[in-house]
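Chemist: Position 128 of the sequence shown, counting from 1, maps to 128 under full-length UniProt numbering, and the rest follow consecutively. Note that the Cβ used here is the ideal one computed from N, Cα and C, for glycine as well.
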Amino acid sequence: MSPRTADYKKSPPEPTPEPSPPARSLLSDRRVQLTALLTLCIAVVMAAGFVDVDLLALATNANYFSTLPATSAAEPAISLLNFDPAFQTDVLGRNATARKIADLEWQAFHEAGIYYEPDNSLYITSNYVSLQDNINITVLSLDDYSITSTQFPDLWEANGGSSYYPPGSDTAKRPPQHVYCDEGDFEHPSALIAVDPGTNTSTTLLTSFLGRNFSSVNDVRQHAETGDLWFTDADYGYFQDFRPAPVIPKQVYRFEPSTGVIQVVADGFVQSNGLEFSPDHKTLYVSDTGAQQFTKNDTGPGTIYAFDVIAGKRLANRRTFAFCDNGFPDGVHADTDGNVWAGCGDGVHVFNPDGVLLGKIYVGETSNNFAFIPGGVLVFSNYRLWLVENIKAQGREVCKDFGVGCA
1 MSPRTADYKK SPPEPTPEPS PPARSLLSDR RVQLTALLTL CIAVVMAAGF
51 VDVDLLALAT NANYFSTLPA TSAAEPAISL LNFDPAFQTD VLGRNATARK
101 IADLEWQAFH EAGIYYEPDN SLYITSNYVS LQDNINITVL SLDDYSITST
151 QFPDLWEANG GSSYYPPGSD TAKRPPQHVY CDEGDFEHPS ALIAVDPGTN
201 TSTTLLTSFL GRNFSSVNDV RQHAETGDLW FTDADYGYFQ DFRPAPVIPK
251 QVYRFEPSTG VIQVVADGFV QSNGLEFSPD HKTLYVSDTG AQQFTKNDTG
301 PGTIYAFDVI AGKRLANRRT FAFCDNGFPD GVHADTDGNV WAGCGDGVHV
351 FNPDGVLLGK IYVGETSNNF AFIPGGVLVF SNYRLWLVEN IKAQGREVCK
401 DFGVGCA
């Protein structure tokens, strides 16, 4: 679970799901019919929509940002803000366009965003509302952007996730499975859960650190060379009243699915949250969203830290990489040029490899996460889903997940 966003809206009431749904059945057969809405949204296409930010004016006027038309809209809207010319010329490209794909009555677009090739769909976790109205998996077809919802067995409160090759997988013959961070609840421990969407089966990979319960595992990445799972643990299940009080610090872990070996690789966080590798896997980025706990504290961390990855197993040389000026960095992803993208309080912030802010995909509300697709990026802001397409940047894992853009 990511830091709580304001004004939760409860999703529509649903009947009790069948005990053993068939493969990829929908929770209560909830199919979201969005034909008219999608037609409207697809028509709202911005021709580039870039807005230049005057950094010298911003440096001497704290209210400058609020004077930009893009930041003063009455309703959430998408704009592309240039803090550096490279954002338009090298990252997004001059032909980039942006639009809203969906606007729903419940928070369907929150975290994860994992591709599954056989149905050409992206699997996104919804936001938590209550124990009676818990997290679903939103399935977004990339063929026509139609939306359905599903649940997987033994996956209770899914949050972050990633594509996943189990030990011994033949990566040339089958698509990756999914691995989800299950935050757990009062009856089920927080865990790493592998899911095969094609067979609707789940496998529990890990439920504790050597017998000591996690708080609410939050986000996960698989190391491309070792196959190890690196993940974070935070207290957001406790803050949102569906997990017991924490019994372990907020840390980053490395887990070997083939052997069961687990170790702590970083600590000292207020709330460890998103994490991501650089394209060469020599750097790990970890966000600390400690500015949001039971309440928001603007003096708390909203920071991305960078670490050197040593021999694919250890971390060293912790340093501050970047700080979000609005909100806190939740989901973190890298592109193949080494730029680091983070979901923050007003959209997606893009930093160069030195931690300098290049630009924002500004939506005027919190984006907890986002997902790269070939030629584009989908931005999640809970009730709303946005698309920036025709971009130059390619997500670090687009080659692995989609099989395109491989060098």
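DSSP puts Y253 in a beta bridge; with which residues?
Modeler: Its beta-bridge partners are F231, V264.
Chemist: Within its chain, find whatever has a CB closer than 7 Å to the CB of T336; leave out the 5 residues flanking it on each side and keep chain order.
Modeler: These residues qualify, in order along the chain: P279, Q394, R396.
Chemist: Taking its Cβ as the centre, do 16 or more other Cβ atoms sit within 10 Å of N61, making it buried, or is it exposed?
Modeler: Classification for N61: exposed.
Chemist: I think G300 touches D219, with their Cβ atoms under 8 Å apart; what is that distance to the nearest whole Å?
Modeler: With a Cβ gap of about 19 Å, G300 and D219 do not count as contacting.
Chemist: How is the alpha helix (DSSP H) around G343 delimited, first residue to last?
Modeler: Where G343 is concerned, there is no enclosing alpha helix (DSSP H), although the beta strand (DSSP E) it sits in stretches over 340-344.
Chemist: Indicate whether N382 and F109 have their beta-carbon atoms separated by less than 8 Å.
Modeler: Yes. Within cutoff.
Chemist: Since C181 sits in a beta bridge, which residues does DSSP pair it with?
Modeler: L192.
Chemist: Can you tell me whether L58 is helix, strand or coil according to DSSP?
Modeler: Reduced to three states, the DSSP call for L58 is helix.
Chemist: Give me the Cα-Cα distance between V398 and F242, rounded to the nearest whole angstrom.
Modeler: Each residue's alpha carbon lies about 34 Å from the other.
Chemist: Per DSSP, G347 is paired with what?
Modeler: Answer is C344, Y362, bridged to G347.
Chemist: Per DSSP, what kind of secondary structure is Q88 in: helix, strand or coil?
Modeler: Helix at Q88.
Chemist: Mapping DSSP to helix, strand and coil, what is C406?
Modeler: Of the three classes helix, strand and coil, the one that applies to C406 here is coil, per DSSP.
Chemist: Which residues in the same chain as W156 place their Cβ atom closer than 6 Å to its Cβ, once the five residues preceding and following it in sequence are excluded?
Modeler: Here the set comprises D182, D185, H188.
Chemist: Terminal residues of the continuous alpha helix (DSSP H) containing G161?
Modeler: Looking at the DSSP string, G161 is not in any alpha helix (DSSP H); the run it does join, the beta strand (DSSP E), is 158-164.
Chemist: Determine the direct distance from the alpha carbon of N134 to that of K400, and round the result to whole angstroms.
Modeler: Cα-Cα distance, rounded: 31 Å.
Chemist: What's the gap between the Cα of V179 and the Cα of A224?
Modeler: Their backbone Cα atoms lie some 14 Å apart in a straight line.
Chemist: What does the alpha-carbon distance come out to for the pair L92 and V377?
Modeler: Spanning the two alpha carbons is a distance of roughly 10 Å.
Chemist: Can the beta-carbon of R314 be found less than 8 Å from the beta-carbon of V265?
Modeler: In this structure, V265 lies closer than 8 Å to R314 by Cβ.
Chemist: Compute the distance between the beta-carbons of S79 and A86, then report whether it is under 8 Å.
Modeler: Cβ atoms of S79 and A86: not closer than 8 Å.
Chemist: Decide if the segment 205-218 is in contact with the segment 226-244; the criterion is three or more beta carbon pairs, one per stretch, under 8 Å apart.
Modeler: These segments touch.
Chemist: Quick one: what's got a C-beta closer than 7 Å to P175's C-beta in the same chain, skipping five residues either side?
Modeler: Contacts found: Y116, E117, P118.
Chemist: Which term fits N63, buried or exposed, when burial requires 16 or more other beta carbons within 10 angstroms of its beta carbon?
Modeler: That one is exposed.
Chemist: Could you compute how far the alpha carbon of V363 sits from the alpha carbon of G211?
Modeler: Whole-angstrom Cα-Cα distance: 42 Å.
Chemist: Mind reading off the beta-carbon distance from I262 to F214? Whole number of angstroms is fine, and I expect it under 8 Å.
Modeler: The Cβ separation is near 11 Å, so there is no contact.
Chemist: Could you tell me the alpha carbon to alpha carbon distance between A245 and Y238, rounded to whole angstroms?
Modeler: Rounded to whole angstroms, A245 to Y238 spans 6 Å at the Cα level.
Chemist: Quick one: what does DSSP say A112 is sitting in, helix, strand or coil?
Modeler: Strand, per DSSP.
Chemist: So F372 packs on V348, CB below 8 Å; how close in whole Å?
Modeler: Going by Cβ atoms, the distance from F372 to V348 rounds to 11 Å, so no, they are not a contact pair.
Chemist: Over what stretch of residues does the beta strand (DSSP E) that includes F239 continue unbroken?
Modeler: First-last for F239: 236-239, but that is the alpha helix (DSSP H), not the beta strand (DSSP E).
Chemist: Between which two residues does the beta strand (DSSP E) holding T289 run?
Modeler: Run containing T289: none; DSSP gives neither H nor E here.
Chemist: Alpha carbon to alpha carbon, how far is T283 from I114?
Modeler: C-alpha separation (whole angstroms): 22 Å.
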